[in-house]
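Numbered as in the working numbering, the sequence shown ends at 131 without a single skipped number.
Report on the structure given below.
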Amino acid sequence: MSGRTGRIAAYAVLAVLGAVVALAGALVQAGWFPLGLLLALGGAVALFYGGARLTRTKVGAAAPAGGWMLVVLLSTSSRPEGDFLFGTGLGTYVFLLGGMFAAVMCATLAPSGHLLPDGATER
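Rendered as structure tokens:
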């Protein structure tokens with residue numbers, strides 16, 4: 009497997025993991041408030057920053073953030089039957105806005121450049 013193919017596969021896996029973390033976070037943040045909210049946001053931050061560190065690119069943070077955001081935005085809409093996943097409340101808004109803020113911060117702080125064998129970075 010070439011480096012480019014492996015990196016694209018890693019981005020795809022990170023996006024799927026972002027979707028899973030979003031769904032789990034949506035369920036946990038309201039169920040165990042306030043510790044569930046901290047757990048959900050901590051998991052999202054760990055995935056976003058871990059993806060950036062793993063791939064050493066900003067896209068490594070953006071890929072799971074994109075999967076996370078897609079699932080969260082799709083989960084906020086109500087269904088024709090009147091069912092919805094997110095209720096109205098402070099915890100829900102902190103989860104939504106906090107996750108988006110974390111995604112932007114992790115992508116901004118992501119390491120750039122590739123590590124050389126001696127530990128130096130290449131720009």
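Built from N, CA and C at the ideal position, the CB exists for glycine as well.
Per DSSP, the continuous alpha helix (DSSP H) segment holding R12 begins and ends at G11 to G39. In the three-state scheme derived from DSSP, where H, G and I count as helix and E and B as strand, A73 is classed as helix.
Between A69 and F56, the C-beta gap is smaller than 8 Å, which places the two residues in contact. Remark: C-beta atoms of G99 and L46 do not approach each other more closely than 8 Å.
For A60, the enclosing alpha helix (DSSP H) starts and ends at L43 to T63. Take the alpha-carbon of R87 and the one of M108: they are about 23 Å apart.
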